[in-house]
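Residue numbers (our numbering), protein chains in the order written: chain A, 1 to 147; chain B, 1001 to 1331.
Reviewing the structure listed below.
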Amino acid sequence: MKNKKYEAIVEKHKPEEKRVQHAGIAFLTGGILGLCGELLLEGYTHLFDLSRSEATVYMLVTFIFLASLFTALGFFDKMVSFARCGLLIPITGFAHSMTSAAIEYRKEGPVYGVGSNLFKLAGTVILYGVVSAWFFGMIRYLLEMGG
Amino acid sequence: MTHRYQNVYIENYSTVCGPYEADGPLRKNFDKIHQDLYCQEDSWEKAEVHYLKDSLKILLEKSSLEKEDIDMVISGDLMNQITASCYASLFLNAPFLGIYSACATSIEGILIGSTYIDSGKIKNCITACSSHNLSSEKQFRNPTEYGAPKPKTATFTATGGASLFLSNKKSKIKVESGTIGRMIDFDQTDPLHMGAVMAPGAADTIYQHLKDMNRTPDDYDLILTGDLGLYGKEILKEYMMKTYKIDLSKNYNDCGCMLYNYETQKEVNAGGSGPVCSALVNYSTILKGLENGTYKRVLLVATGALFSPTAVFQKEHILAIAHAVSLEATK
Chain A
1 MKNKKYEAIV EKHKPEEKRV QHAGIAFLTG GILGLCGELL LEGYTHLFDL
51 SRSEATVYML VTFIFLASLF TALGFFDKMV SFARCGLLIP ITGFAHSMTS
101 AAIEYRKEGP VYGVGSNLFK LAGTVILYGV VSAWFFGMIR YLLEMGG
Chain B
1001 MTHRYQNVYI ENYSTVCGPY EADGPLRKNF DKIHQDLYCQ EDSWEKAEVH
1051 YLKDSLKILL EKSSLEKEDI DMVISGDLMN QITASCYASL FLNAPFLGIY
1101 SACATSIEGI LIGSTYIDSG KIKNCITACS SHNLSSEKQF RNPTEYGAPK
1151 PKTATFTATG GASLFLSNKK SKIKVESGTI GRMIDFDQTD PLHMGAVMAP
1201 GAADTIYQHL KDMNRTPDDY DLILTGDLGL YGKEILKEYM MKTYKIDLSK
1251 NYNDCGCMLY NYETQKEVNA GGSGPVCSAL VNYSTILKGL ENGTYKRVLL
1301 VATGALFSPT AVFQKEHILA IAHAVSLEAT K
């Protein structure tokens, strides 16, 4: 049971978070990132004469490389602090979470450090990504059987 | 539980801080500033050891102490197994007590040291503590390069090492009394709002201290909590008034609100935290104030949130504790 009087005091002194502003920035930066992805996609298909699905892989690899590079150079965390989910939700956030963990634990060595901590943040995304992919794959399969 | 001490004095003190603390308003008061968060070491943990060791070395120099003169070392920090304290104290080769009460560690050290000295079992002791913003981030939160966005109520772990030399020889500052705090559970679960976790702990200890000593806040020139931050400070003031009818509006402040410049250092959010936060402010500024007559009597209340990520993930509440010591300028 919570101490209601105390909770009321805590609530009273809680600062307002600028949720609308944060969401707006995330929406815009995420959107710009999507636009860049589309431009890269178009560029790769025309430049290297690739199919759209092949070019998608190239585009994702480009983003992963850049996010990891910027993390290693030490300024991606500042970009994340500004853009928040605009950079964390796309593939850049995934790459960033792995690179930052790798950098953080490199002093504990390749096995106990990098090896066991690389997926510290990304592990959750992979696990539930695979589980939900299976789940939605099953739904699609059942719908197609029915249809 | 409050004890009076007859014969305990603060002979000397030393503070070493990092770049963020040096950008704050107390810059000129610190003994040494390391602009490099790594301190030329290759990990955050080793850097924290470096900060604490530097502060111990400066303390020895300032008080012209030989290692052999030290009867006991009491130290604590935030790292698992209080690693920084152990490694930093190694070179002193003195009897060592490792302590932990999160951000209330500095005062816990003073309480233990004072009790030993007052009982006559030892003549002097060093109490020390440290914290490092990035070793804490690594241990308690995310990898440091991750830079996860934080709410305004989050606090910023201070970087540095601070030590104190307590002795039975009369000096300008007397440790007059001390109150050992209790474990306080107010059902708080948000590790990004430690002010709300710790305010009831501070309130309980301040109330107990004033009751045991039969005093009011007016008997002190200054009452200082450790690291409640902007919002925790306001919570404490209102909670004290409503629960105990004790008015803290006149002579109360919080070390977490004094260490950084809120205008230019937006990354600190609600303010400073960590064991060394209150120690940096108290040892660099408040003790000097007692020496030069700005204050006659101050009550230092260090507040600790006993935050264990494991316990919180297992749906436990975050417990709080606060320890207090009252310091007086000797005549």
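Every residue gets a Cβ at the ideal spot worked out from N, C-alpha and C, and that includes glycine.
Predicted, not measured: the structure shown is a model, and the values here were computed from it.
The residue from B:E1011, B:Y1146, B:N1214 and B:T1225 with its alpha-carbon nearest to that of L1060 (chain B) is B:E1011.
Residues of chain B whose Cβ lies closer than 9 Å to the Cβ of A101 (chain A) are, in chain order, N1142, P1143, E1145 and Y1146. Contact of P1200 (chain B) with chain A is assigned, a C-beta pair being separated by under 9 Å.
Across the set B:Y1244, B:M1194 and B:I1126, the C-alpha of B:Y1244 shows the shortest separation from the C-alpha of A1203 (chain B).
Taken in chain order, the unbroken stretches of alpha helix (DSSP H) that lie wholly in the stretch 78-136 of chain A and span 4 residues or more are 85-88 and 91-104. W134 (chain A) counts as exposed, since fewer than 16 other C-beta atoms from the protein chains shown sit within 10 angstroms of its C-beta. Pairwise C-beta distances place the stretch 78-85 of chain A in contact with the stretch 19-29 of chain A, as three or more of them are shorter than 8 Å. Taking the C-beta atoms as reference points, V1325 (chain B) is found nearer than 9 Å to E1176 (chain B). Cβ neighbours of L41 (chain A) within its own chain (closer than 6 Å, five residues either side excluded): A55 and M59. What R52 (chain A) touches in chain B, judged by beta-carbon distance under 8 Å, is nothing: the nearest beta carbon there is about 33 Å away. Taking C-beta atoms as the reference points, M1072 (chain B) and C1125 (chain B) count as a pair closer than 9 Å. Not flagged as an interface residue toward chain A: L1026 (chain B), since no C-beta distance is shorter than 9 Å. H46 (chain A) carries a helical assignment under DSSP once its states are collapsed to helix, strand and coil.
Counting only Cβ-Cβ distances below 8 Å, R84 (chain A) has contacts in chain B at P1149, in chain order. Our two residues, A1088 (chain B) and H1050 (chain B), have alpha carbons roughly 7 Å apart in a direct line.
Interface annotation, T124 (chain A): not in contact with chain B, CB-CB separation never under 9 Å. At a Cβ-Cβ threshold of 9 Å, G1274 (chain B) and T1157 (chain B) count as neighbours.
For a cut-off of 8 Å, the C-beta gap from C1103 (chain B) to D1227 (chain B) is around 5 Å, short enough to register as a contact. At a C-beta separation below 8 Å, Y1252 (chain B) has no neighbours in chain A, since its nearest C-beta there lies roughly 15 Å away. For I1173 (chain B), the enclosing beta strand (DSSP E) stretches over residues I1173 to T1179. In the structure shown, V1298 (chain B) adopts extended strand secondary structure according to DSSP, grouped into three states. Here I126 (chain A) is exposed: its Cβ has fewer than 16 other Cβ atoms, across all protein chains shown, within 10 Å. Residue-level contact by beta carbon fails for L1319 (chain B) and chain A, as no gap is shorter than 9 Å.
DSSP, read as helix, strand or coil, puts N1133 (chain B) in helix. Secondary structure note for S1075 (chain B): its beta strand (DSSP E) is the uninterrupted segment V1073 to D1077. Rounded to whole angstroms, the gap between the alpha carbons of S100 (chain A) and Y1146 (chain B) is 6 Å. Think of a sphere of 8 Å around the beta carbon of E1234 (chain B): the chain A residues whose beta carbon falls inside it are H13, in chain order.
The DSSP-derived three-state label of H1003 (chain B) is strand. It is roughly 15 Å from the alpha-carbon of Q1208 (chain B) to the alpha-carbon of L1224 (chain B). Shown here, G1195 (chain B) sits in a helix according to DSSP, grouped into three states.
Against chain B, the beta carbon of T71 (chain A) has neighbours under 7 Å at E1145, listed in chain order.
In this structure the stretch 1098-1113 of chain B touches the stretch 1262-1276 of chain B; the number of beta carbon pairs closer than 8 Å is three or more. S1064 (chain B) is classed as exposed because its beta carbon has fewer than 16 other beta carbons within 10 Å across all chains shown. Identification of chain A residues near E1238 (chain B) by a Cβ-Cβ cut-off of 8 Å yields I9, K12 and H13, ordered along the chain.
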